[in-house]
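Trainee: Chains as they are written, first to last, in this note's numbering: chain X, 1 to 429; chain F, 1 to 384. Positions of the beta carbon are idealized from the N, C-alpha and C atoms, including for glycine. Owing to the predicted nature of the structure, the values given are computational and were not obtained by experimental measurement. Quick one: structure below, then a few questions.
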């Protein structure tokens with residue numbers, strides 16, 4: 001079983017790059033929350049502005065109940081909690097005149113507004129760019145619409161996986177000769193989140209010379225960057241690219257091969273990629289099969305690629321005898337790129353993950369120590385690991401109104417009583 | 001900025017920053033960056049100026065051609081570095097000694113320089129010296145495992161998504177370091193496998209609390225219980241495929257789209273994911289007699305987020321004129337004549353616009369390195 005020995009808590013950072021920056025995070029689903037959590041880890045104070053009835057009372061994937069505490073499944077939802085780390089939670093009703101006024105007070109004291117609504121929604125709240133800018137000329141307004149704020153598809157709706165389909169990436173992804181597949185669970189969302197966080201920080205750098213500005217990251221346009229090779233290549237060659245699964249266009253062996261059960265899991269595989277003769281020789285030095293070395297079908301890269309089907313079959317018969325982690329280490333020592341097919345569960349046990357703290361622990365009041373991944377870069381002077389576990393719903397409403405806006409206790413109580421703000425989850429009116 | 005790169009990771013990192021307006025110089029070896037050798041090419045004829053990856057990822061960059069295996073070229077690199085704010089480096093670590101490259105030493109020698117190094121597994125740790133390819137790093141990052149059919153080997157997404165994601169992380173690291181203090185350089189240690197591991201967002205808490213791995217699920221989402229909403233999947237229709245997705249707030253509207261009352265039965269709605277096969281079967285008759293565009297059009301009218309699965313040529317053809325209305329495609333001159341459509345901005349800034357530009361010819365900016373007589377001398381000595 002996994003234990004706390006597998007999860008070292010993240011250390012506090014002495015200085016983060018975005019210290020002193022405040023972000024108003026209106027985002028939902030996946031893409032926006034990823035952008036916001038990256039900005040939070042980088043040091044921004046991210047206020048997650050949630051509708052008072054935003055979270056389902058009985059989420060489908062609430063964590064198993066652990067330890068003592070109130071029965072509040074909306075505070076123990078695994079995916080939401082992992083995506084809400086490094087933020088604070090403030091519940092405001094933006095359709096209430098007083099709730100909107102509180103939000104605009106916050107805009108005046110913030111650096112970034114981040115939203116991923118359909119394009120009409122900010123207009124419905126009367127919170128479009130000219131309104132935000134009037135309250136703070138330095139504000140950076142980052143939008144993450146699915147298709148963009150203009151164009152014939154502006155008002156279409158889609159989640160990330162639907163954009164994977166529209167970009168061409170789902171069409172390209174899949175086994176050789178097979179059907180199209182998703183390129184991951186929420187790949188487009190994660191990609192859009194990173195692009196939006198990057199663009200927001202770039203706009204902060206630009207603000208040394210220009211005022212605040214709008215930043216639009218259409219999820220579709222963020223993903224089209226990732227298949228530029230196919231889009232440009234199709235025009236150059238005149239041919240549609242094809243699905244090739246794990247294969248390489250000119251090198252073999254290059255695939256995923258069965259391995260002996262490992263970590264109690266029969267779904268056990270190893271990836272091996274020989275891109276040139278030297279890496280093939282390295283594989284052979286471990287494989288240690290004399291017949292292969294002299295086999296005419298495999299002596300050059302081009303021949304191995306032509307005979308890749310039979311080569312994959314022979315390789316599978318060999319790899320299936322071995323633990324994938326041990327075999328990968330042996331192949332790497334010999335100089336062949338190889339890796340066991342990891343998953344979230346094995347990564348929590350992985351020594352490289354531990355050495356870099358790719359995944360670390362955050363302490364949550366209701367779920368205890370829980371894991372979160374950190375971004376793939378380490379800054380030597382201003383480290384930026386995740387800084388706090390997901391906040392409980394509306395936990396920071398009163399403190400934010402008091403400490404950032406300077407509201408009196410009476411005023412805060414009146415805002416909560418009127419439903420403009422909330423300090424707890426409410427029923428949808 | 002300077003870019004010393006041979007993979008899509010360094011190239012995309014550089015491209016993002018050149019898109020933001022950075023004056024970026026690609027330092028290439030005599031044979032040119034490895035990216036130039038990646039096709040497709042026009043007429044299938046390899047051409048170091050005309051490969052698709054180069055044309056896409058190296059736009060708005062300068063190019064100098066330096067043989068860093070010579071000491072004179074390394075002195076030229078030093079001169080460039082002394083005028084540089086940020087360096088992105090993704091050359092394979094085994095080749096650093098021959099080129100006298102040492103990121104720690106560069107960080108110490110140029111205290112104002114942001115030194116961003118992209119390696120497969122990072123600069124330190126037990127796997128720091130492991131080799132990595134796109135495929136093996138997909139395996140190491142855990143993102144390979146969730147792709148494909150449950151009864152087959154896992155399959156990765158098309159292309160070099162892992163390296164492109166690493167490029168994004170690296171760019172975020174560089175821009176953040178510049179914000180933290182452009183006069184104080186940092187060493188930015190970026191690992192490709194970790195960019196892939198980051199994509200599992202949401203998966204770690206499930207693994208932590210259940211000590212189990214999710215099973216691949218074909219075109220369906222992975223790692224959810226029977227009570228999760230459905231569909232979110234790819235389904236065939238009369239003339240291709242659609243991405244089928246219910247409206248998360250009103251999943252019962254699927255019954256209207258498919259004129260199928262069974263899609264609104266309470267028992268089904270209570271456990272949509274657990275009834276995924278049934279939902280697929282109930283959608284199939286309508287889908288198989290309806291073209292993609294019509295399915296999507298009707299679904300969107302009902303606020304159900306269906307989308308078409310488009311091939312690259314269809315994305316370019318832009319039947320609804322969406323990309324054209326947004327002026328997304330950039331008509332770009334091909335180095336050998338004619339033009340092609342290049343993807344436009346990743347991000348649209350209101351006052352500091354994204355820069356498109358063209359990819360450089362190999363060594364086109366060598367003249368910036370020194371005087372004409374110096375260049376003649378260096379060329380004879382094999383330095384440039």
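#1: Any beta carbon of chain X sitting closer than 7 Å to that of residue 169 of chain F?
#2: When the distance is taken between beta carbons, is residue 343 of chain F closer than 7 Å to residue 224 of chain X?
#3: For residue 55 of chain X, which three-state DSSP category applies?
#4: Between residue 341 of chain F and residue 174 of chain F, which are expected to be in contact by the criterion C-beta below 8 Å, what is the C-beta distance as a whole number of angstroms?
#5: Beta strand (DSSP E) containing residue 435 of chain X: first to last residue?
#6: Against chain F, with Cβ distances strictly below 7 Å, would residue 144 of chain X count as a contact?
#7: Going along the chain, which residues of its own chain have a beta-carbon closer than 6 Å to the beta-carbon of residue 34 of chain F, five neighbours each way excluded?
#8: Tell me the DSSP bridge mates of residue 241 of chain F?
#9: What three-state label does DSSP hand residue 342 of chain X in the structure shown?
#10: Is there contact here, the stretch 95-106 of chain F with the stretch 206-217 of chain X, by at least three beta-carbon pairs under 8 Å?
#11: Below 7 Å on C-beta distance, what does residue 146 of chain F contact in chain X?
#12: Within its chain, find whatever has a CB closer than 6 Å to the CB of residue 55 of chain F; leave out the 5 residues flanking it on each side and keep chain order.
#13: Are there 16 or more other CB atoms within 10 angstroms of the CB of residue 146 of chain F, so buried, or fewer, so exposed?
#14: Taking all protein chains shown into account, do 16 or more other C-beta atoms lie within 10 angstroms of the C-beta of residue 297 of chain X, making it buried, or fewer, making it exposed?
#15: At the level of alpha carbons, what is the spacing between residue 142 of chain F and residue 88 of chain F?
#16: Roughly how many angstroms separate the alpha carbons of residue 415 of chain X and residue 421 of chain X, rounded to a whole number?
#17: Does the distance from the CB of residue 177 of chain F to the CB of residue 379 of chain X come in under 7 Å?
#18: Just verifying my parser: in three-state terms, what is the DSSP assignment at residue 116 of chain F?
#19: Under DSSP, the alpha helix (DSSP H) around residue 418 of chain X begins and ends at which residues?
#20: Of the choices F:29, F:52, F:59, F:38, whose alpha-carbon is the least far from that of residue 13 of chain F?
#21: Measure from the alpha carbon of residue 227 of chain X to the alpha carbon of each residue in F:297, F:40, F:258, F:133, then state which is nearest.
#22: Just checking: is the beta-carbon of residue 246 of chain X within a distance shorter than 7 Å of some beta-carbon in chain F?
#23: Considering only the beta carbon of each residue, do residue 162 of chain F and residue 192 of chain F sit closer than 7 Å?
#24: From the beta carbon of residue 237 of chain X, is the nearest beta carbon of chain F less than 7 Å away?
#25: When you compare the CB of residue 166 of chain X with every CB in chain F, is at least one pair closer than 7 Å?
#26: Taking 7 Å as the limit between beta carbons, can you name the residues of its chain near residue 398 of chain X, skipping five residues before and five after?
#27: Out of X:153, X:124, X:386, point me to the one whose CA is closest to residue 358 of chain X's CA.
#28: Does any C-beta atom of chain X lie closer than 7 Å to the C-beta of residue 188 of chain F?
#29: In this structure, how does DSSP classify residue 347 of chain X when only helix, strand and coil are distinguished?
#30: Quick check: the Cα distance between residue 281 of chain F and residue 275 of chain F, rounded to an integer number of angstroms?
#31: Can you find the residues in the same chain that come closer than 8 Å, C-beta to C-beta, to residue 188 of chain F, ignoring five residues on each side of it along the sequence?
#32: Assign residue 258 of chain X to one of three DSSP states: helix, strand, or coil.
#33: Apart from the five residues on each side of it in sequence, which residues of its chain come closer than 8 Å, Cβ to Cβ, to residue 65 of chain F?
#34: Identify the continuous beta strand (DSSP E) that holds residue 370 of chain X and give its terminal residues.
#35: Could you give the residue range of the beta strand (DSSP E) that holds residue 333 of chain F?
#36: Tell me, please, whether the stretch 167-182 of chain X touches the stretch 226-245 of chain F by the rule of three or more beta-carbon pairs shorter than 8 Å.
Mentor: For this structure:
#1: On the second chain, position 169 is the one that residue 169 of chain F refers to. Chain X, which has a Cβ nearer than 7 Å to the Cβ of residue 169 of chain F, makes this yes.
#2: Position 224 of the first chain, counted from the start, is the residue given in the question as residue 224 of chain X. Position 343 of the second chain, counted from the start, is the residue given in the question as residue 343 of chain F. Going by C-beta atoms, residue 224 of chain X is nearer than 7 Å to residue 343 of chain F.
#3: Locating residue 55 of chain X in the first chain gives position 55, counting from the first residue. Three-state DSSP puts residue 55 of chain X in coil, outside helix and strand.
#4: Working through the second chain from its first residue, we reach residue 341 of chain F at position 341. Working through the second chain from its first residue, we reach residue 174 of chain F at position 174. Contact annotation, residue 341 of chain F with residue 174 of chain F: C-beta distance approximately 29 Å; criterion of less than 8 Å not satisfied.
#5: Nothing can be reported for residue 435 of chain X: it is not among the residues displayed for chain X, which extend from 1 to 429.
#6: Locating residue 144 of chain X in the first chain gives position 144, counting from the first residue. With 7 Å as the cut-off, residue 144 of chain X does not count as an interface residue toward chain F.
#7: Position 34 of the second chain, counted from the first residue, corresponds to residue 34 of chain F. Excluding sequence neighbours, residue 34 of chain F sits near 6.
#8: The residue given as residue 241 of chain F occupies position 241 in the second chain. In DSSP, residue 241 of chain F forms a bridge with F:236.
#9: To locate residue 342 of chain X, count along the first chain from 1; it is residue 342. For residue 342 of chain X, the three-state secondary structure derived from DSSP is coil.
#10: no
#11: Along the second chain, one-based indexing puts residue 146 of chain F at 146. Within 7 Å Cβ-Cβ: 184, 185.
#12: For the purposes of this step, residue 55 of chain F is taken as residue 55 along the second chain, with counting starting at 1. Answer for residue 55 of chain F: 359, listed in chain order.
#13: If you number the second chain from 1, residue 146 of chain F lands on position 146. Residue 146 of chain F comes out buried.
#14: Indexing the first chain from 1 puts residue 297 of chain X at position 297. Exposed, since its Cβ has fewer than 16 Cβ neighbours within 10 Å.
#15: What you label residue 142 of chain F is simply residue 142 of the second chain in a count that begins at 1. What you label residue 88 of chain F is simply residue 88 of the second chain in a count that begins at 1. Using only the alpha carbons, I get a separation of about 26 Å.
#16: Taking the first residue of the first chain as position 1, residue 415 of chain X is located at position 415. Taking the first residue of the first chain as position 1, residue 421 of chain X is located at position 421. The alpha-carbon atoms of residue 415 of chain X and residue 421 of chain X are separated by roughly 5 Å.
#17: Within the second chain, the letter at position 177 stands for residue 177 of chain F. Within the first chain, the letter at position 379 stands for residue 379 of chain X. Yes.
#18: Position 116 of the second chain, counting from 1, holds the residue named residue 116 of chain F. Reduced to three states, the DSSP call for residue 116 of chain F is strand.
#19: Position 418 of the first chain holds residue 418 of chain X. 409-418 is the span of the alpha helix (DSSP H), which, as asked, contains residue 418 of chain X.
#20: Numbered from its first residue, the second chain carries residue 13 of chain F at position 13. Considering only alpha carbons, the answer is F:59.
#21: Counted from its first residue, the first chain places residue 227 of chain X at position 227. Checked all of F:297, F:40, F:258, F:133; the closest Cα to residue 227 of chain X is F:40.
#22: Residue 246 of chain X sits at position 246 when you count from the first residue of the first chain. So yes, residue 246 of chain X belongs to the interface.
#23: Here residue 162 of chain F refers to the residue found at position 162 when the second chain is read from its first residue. Here residue 192 of chain F refers to the residue found at position 192 when the second chain is read from its first residue. Yes, the pair counts as a contact, with Cβ atoms nearer than the cut-off.
#24: Counting from 1 along the first chain, the entry for residue 237 of chain X is found at position 237. True, the Cβ-Cβ gap to chain F drops below 7 Å.
#25: To locate residue 166 of chain X, count along the first chain from 1; it is residue 166. For residue 166 of chain X, the answer is yes, since a Cβ of chain F falls inside 7 Å of its Cβ.
#26: As a position in the first chain, residue 398 of chain X is number 398, starting the count at 1. Correct list, in chain order: 412, 423.
#27: What you label residue 358 of chain X is simply residue 358 of the first chain in a count that begins at 1. The residue with the shortest Cα to Cα distance from residue 358 of chain X is X:386.
#28: Position 188 of the second chain, counted from the start, is the residue given in the question as residue 188 of chain F. So yes, residue 188 of chain F belongs to the interface.
#29: Taking the first residue of the first chain as position 1, residue 347 of chain X is located at position 347. In this structure, residue 347 of chain X counts as helix in the three-state DSSP scheme.
#30: Indexing the second chain from 1 puts residue 281 of chain F at position 281. Indexing the second chain from 1 puts residue 275 of chain F at position 275. For residue 281 of chain F and residue 275 of chain F, the distance between alpha carbons rounds to 10 Å.
#31: Locating residue 188 of chain F in the second chain gives position 188, counting from the first residue. Answer for residue 188 of chain F: 114, 115, 116, 117, 170, 173, 174, 177, listed in chain order.
#32: Locating residue 258 of chain X in the first chain gives position 258, counting from the first residue. Correct three-state label for residue 258 of chain X: strand.
#33: Counted from its first residue, the second chain places residue 65 of chain F at position 65. Contacts found: 28, 29, 30, 32, 362, 363, 366, 384.
#34: Taking the first chain and counting its residues from 1, the one referred to as residue 370 of chain X is at position 370. Residues 368-373.
#35: Translated into positions along the second chain, residue 333 of chain F becomes position 333. Residues 330-333.
#36: Cβ pair count under 8 Å is three or more, so yes.
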